[in-house]
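Asker:
Residue numbers (this note's numbering): 65 to 301.
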């Protein structure tokens, strides 16, 4: 299956417009969004931009209901009242309301999760660490990937708000083993990259983030991935 991956958004509503245009070209069967929809450098008081960005996300969700959505740490910081870099107290009510609207916009049988699976590819904001699986999933379920993900996706703030969880992990900066690296490919955002990069069984996609002055860090491309062959490329409008 061909998947278009929308990485960390951070108040860039144009990303959803670009992704919409690409989807209408028929280049992918489904999309995956790694979220982190709110917050960006010095935008804490621009509540209108928060609202606009979520409105575009909701519009995309309705247009492409098969899209898989993966919570990011910035999204959950507003639901869980956990202060985070870039957190906007001015926009907090807006984010909470719009996140609920987004939840209602996606189909009941395709809810927003921490980790999504398509074929043998795991999509999450930060990545699924083997240590995290061993810590929170019963040993008897370890080899059942779907059971592992079901368990993880039912965890709450206490388990998830730490550096080893799928919303916070930065596997690019660690030599710790990811979950089932010989069987599963993992696609993540969260860590700004110069380019879409594959190292081992990990593809990093956060190439839309910027420096404080607004200069792009990465190539501003979307990942286009074949979840069967694991062939991939970057694509932009």
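For glycine and all other residues, C-beta sits at the position ideal for the given N, C-alpha and C.
Quick check: what's the CA-CA separation for residue 93 versus residue 129?
Answerer: Taking the first residue of the chain shown as position 1, residue 93 is located at position 29. Taking the first residue of the chain shown as position 1, residue 129 is located at position 65. Taking the straight line from one Cα to the other gives about 11 Å.
Asker: Let me confirm a value: residue 253 is counted as buried when at least 16 other C-beta atoms fall within 10 Å, else exposed. Which label applies?
Answerer: Translated into positions along the chain shown, residue 253 becomes position 189. Residue 253 comes out buried.
Asker: Leaving out the 5 sequence neighbours to the left and right, which residues in its chain are closer than 8 Å to residue 199 when beta-carbon positions are compared?
Answerer: In the chain shown, the residue the question calls residue 199 occupies position 135. Here the set comprises 228.
Asker: Could you compute how far the alpha carbon of residue 72 sits from the alpha carbon of residue 204?
Answerer: Within the chain shown, the letter at position 8 stands for residue 72. Within the chain shown, the letter at position 140 stands for residue 204. Approximately 34 Å, taken between the alpha carbons.
Asker: Please classify residue 85 as buried or exposed, where buried requires at least 16 neighbouring CB atoms within 10 angstroms.
Answerer: Here residue 85 is taken as the residue at index 21 of the chain shown, counted from 1. Under this definition residue 85 is an exposed residue.
Asker: Please identify the residue among 66, 258, 136 and 263 whose C-alpha is closest to the C-alpha of residue 52.
Answerer: Because the chain spans 65 through 301 in this model, residue 52 falls outside it and cannot be assessed.
Asker: Could you spell out where the alpha helix (DSSP H) holding residue 221 opens and where it closes?
Answerer: As a position in the chain shown, residue 221 is number 157, starting the count at 1. 221 to 224 is the extent of the alpha helix (DSSP H) around residue 221.
Asker: Check whether the stretch 136 to 150 and the stretch 100 to 107 are in contact - that is, three or more C-beta pairs closer than 8 Å.
Answerer: Yes: at least three Cβ pairs fall under 8 Å.
Asker: For residue 298, which beta-bridge partners are listed by DSSP?
Answerer: In the chain shown, the residue the question calls residue 298 occupies position 234. According to DSSP, residue 298 bridges with 287.
Asker: On the DSSP bridge list, what partners appear for residue 262?
Answerer: Taking the chain shown and counting its residues from 1, one reaches residue 262 at position 198. For residue 262, which the question treats as bridged, DSSP gives the partners 267.
Asker: Run through the DSSP bridge pairs and tell me what residue 132 is partnered with.
Answerer: Within the chain shown, numbered from 1, the residue matching residue 132 stands at position 68. 96.
Asker: I want to know whether the stretch 214 to 222 touches the stretch 271 to 279 - three or more CB-CB distances under 8 Å.
Answerer: The stretch 214 to 222 vs the stretch 271 to 279: no contact.
Asker: Taking the alpha carbon of residue 98 as the reference point, which residue from 159, 107, 177 and 160 has its own alpha carbon closest?
Answerer: Here the question's residue 98 lines up with position 34 in the chain shown. Ranking 159, 107, 177 and 160 by Cα distance to residue 98 puts 177 first.
Asker: I need the straight-line Cα distance from residue 277 to residue 75, nearest angstrom please.
Answerer: By 1-based counting over the chain shown, the position of residue 277 is 213. By 1-based counting over the chain shown, the position of residue 75 is 11. Computed Cα separation, rounded: 15 Å.
Asker: Starting from the C-beta of residue 81, find all residues in its chain whose C-beta is less than 8 Å away, skip the five residues before and the five after it, and write them out in chain order.
Answerer: Here residue 81 refers to the residue found at position 17 of the chain shown. Result list for residue 81: 120, in chain order.
Asker: Taking the C-alpha atoms as reference points, what is the distance between residue 233 and residue 256?
Answerer: For the purposes of this step, residue 233 is identified with residue 169 of the chain shown, where counting begins at 1. For the purposes of this step, residue 256 is identified with residue 192 of the chain shown, where counting begins at 1. Approximately 13 Å, taken between the alpha carbons.
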